Amino acid sequence: MVFYSVSYLRPESKTPALPSHNTRHIKQTGIITGPPDSAYKGGKFKIDITFPIEYPFKSPNIRFATRIYHPNVTDDGALCVGVLKAEAWKPSTKIDQVLRALVQLLQEPNADDALVATIAEVSRSLLLGERKAHTNALATFFCSQQYTKDRLAFNKTAQEWVKKYA
1 MVFYSVSYLR
11 PESKTPALPS
21 HNTRHIKQTG
31 IITGPPDSAY
41 KGGKFKIDIT
51 FPIEYPFKSP
61 NIRFATRIYH
71 PNVTDDGALC
81 VGVLKAEAWK
91 PSTKIDQVLR
101 ALVQLLQEPN
111 ADDALVATIA
121 EVSRSLLLGE
131 RKAHTNALAT
141 FFCSQQYTKD
151 RLAFNKTAQE
161 WVKKYA
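So the sequence shown is numbered by full-length UniProt numbering: it starts at 1 and just counts up by one.
Structure below.
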């Protein structure tokens, strides 16, 4: 069963086009379908993939363009997935493997990984007085806590977001 696809779309025409190129990076758009055995079933999540000029020696930057209630995805779409981390990235990693890792992340969020990053973000944003960063970090922290301690409430909220945004 296919849970994702990568497409090249012109936003204004919705017709196939080539990826956008410039001297710094290549951009692509993808769609990930929420796995049927997850809180994200029925959702279609747009992702933006930016390949740096150093690719494949540097990992692509992937962001969720569709809002998603997930402990490993921030409010602005940034995500935390092991295969994309600098220390884990290998030039031999294929984009297909990355997309499979994203589907796996939808099936099994990693609240522990999000929790560690979020504690650091909350502390930093409090020290620097960054209101938006602080709010975003607290939302991610709450999401990861809810996933860990009250899975039914987490699944309900995730499904509400799927219906509203995906």
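For glycine and all other residues, C-beta sits at the position ideal for the given N, C-alpha and C.
This one's a predicted model, so the numbers in the text were calculated from it and none came from an experiment.
- From the DSSP output, in three-state form, read off Lys163 for me. Within the sequence shown, the letter at position 163 stands for residue 163. Three-state result, Lys163: helix.
- Message: Using the three-state DSSP reduction, which class does Asn155 fall into: helix, strand or coil?
- Response: Locating residue 155 in the sequence shown gives position 155, where the first residue counts as 1. Helix.
- Item | Length at least 3, wholly inside the segment 49 to 73: the beta strand (DSSP E) runs in chain order | Contiguous beta strand (DSSP E) elements confined to the segment 49 to 73 occur at 61 to 64, taking only those with 3 or more residues.
- Task: Report the partner residues of Ala86 according to the DSSP bridge assignment.
- Result: Taking the sequence shown and counting its residues from 1, one reaches residue 86 at position 86. In the DSSP output, where bridge partners are listed per residue, Ala86 has none listed.
- Query: What span of residues does the beta strand (DSSP E) with Lys27 cover, start to end?
  - Reply: Numbered from 1 along the sequence shown, position 27 holds the residue referred to as residue 27. From DSSP, the beta strand (DSSP E) with Lys27 extends over 25 to 33.
- Distance CB(Asn72)-CB(Leu106) smaller than 7 Å: Indexing the sequence shown from 1 puts residue 72 at position 72. Indexing the sequence shown from 1 puts residue 106 at position 106. Not a contact, by the Cβ cut-off of 7 Å.
- Query: Secondary structure at Thr148, three-state DSSP: helix, strand or coil?
  - Reply: On the sequence shown, position 148 is the one that residue 148 refers to. It is helical.
- Item | For Ala78, three-class secondary structure by DSSP | Within the sequence shown, residue 78 is the residue found at index 78, counting from 1. Ala78 falls in the strand class under three-state DSSP.
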